[in-house]
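Single-structure report; data block below.
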Amino acid sequence: MKIGNKLNQLRKLSGMTQEQLAEKIDVLLIGGLIFIMVSVLNFAYVIALQSTTLSTQYMLYRYIATGQYANAPVDYIRLMIPSMITGAIGLVLFISYVIDNRKKDTEK
Numbered sequence: 149m150k151i152g153n154k155l156n157q158l159r160k161l162s163g164m165t166q167e168q169l170a171e172k173i174d175v176l177l178i179g180g181l182i183f184i185m186v187s188v189l190n191f192a193y194v195i196a197l198q199s200t201t202l203s204t205q206y207m208l209y210r211y212i213a214t215g216q217y218a219n220a221p222v223d224y225i226r227l228m229i230p231s232m233i234t235g236a237i238g239l240v241l242f243i244s245y246v247i248d249n250r251k252k253d254t255e256k
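To convert, count from 1 in the sequence shown and add 148; that's the working numbering.
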């Protein structure tokens, strides 16, 4: 059974409307965080790709112009930025999940 179907069944069994379920699971907050995460990762990926592309273009130009192959340094830190950002966002989401669950446990 697909997750959507299962979620729909459970929602109906509990007598909740779609709006009530959306409020309960903070759909807008989750959607906003995912949008921000994807935007940041796209930006970081483009920056890293530009750096790598420029290095590759330089190596090809140098080889064509002079016949010599010159190693152009690649900035590996820029290539790791998307991974580091993804890890940081995952950590923030995990911490917010834990805090939210603790609040719900204390309210009970």
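Every residue, glycine too, gets a C-beta built ideally from N, C-alpha and C. Given the structure is predicted, the values throughout are model-derived calculations rather than measurements.
Please report how far the alpha carbon of residue i lies from the alpha carbon of residue j, in whole angstroms.
| i | j | result |
| --- | --- | --- |
| Asn205 | Arg250 | Sequence check: residue 205 is Gln here, not Asn. For Gln205 and Arg250, the distance between alpha carbons rounds to 53 Å. |
| Gln157 | Leu241 | 27 Å |
| Leu197 | Ala213 | 24 Å |
| Glu167 | Asp248 | 20 Å |
| Asp253 | Ala170 | 20 Å |
| Tyr224 | Ser187 | 21 Å |
| Leu176 | Leu161 | 23 Å |
| Arg226 | Ile195 | 7 Å |
| Glu255 | Thr201 | 54 Å |
| Arg210 | Gly179 | 46 Å |
| Met207 | Gly215 | 11 Å |
| Ile151 | Ile243 | 25 Å |
Quick check on this structure: which residue in the options has the alpha carbon closest to the alpha carbon of residue i?
| i | options | result |
| --- | --- | --- |
| Ile233 | Ile182, Lys172, Thr254, Asp174 | Ile182 |
| Ile184 | Gly238, Val246, Asp248, Lys252 | Gly238 |
| Leu189 | Ser162, Pro230, Glu167, Asp248 | Pro230 |
| Tyr245 | Ile173, Met207, Gly163, Tyr211 | Ile173 |
Is residue i buried or exposed, if buried means 16 or more other CB atoms sit within 10 Å of its CB?
| i | result |
| --- | --- |
| Ala236 | exposed |
Output needed for residue i: all residues of its chain with C-beta closer than 7 Å, excluding positions within five of it in sequence on either side, in chain order.
| i | result |
| --- | --- |
| Ala192 | Ile229, Pro230, Ile233 |
Residues in the same chain with beta-carbon distance under 6 Å from residue i, minus the five sequence neighbours each way, listed in chain order, please.
| i | result |
| --- | --- |
| Arg159 | Leu169 |
Which residues in the same chain as residue i place their Cβ atom closer than 8 Å to its Cβ, once the five residues preceding and following it in sequence are excluded?
| i | result |
| --- | --- |
| Met164 | Lys172 |
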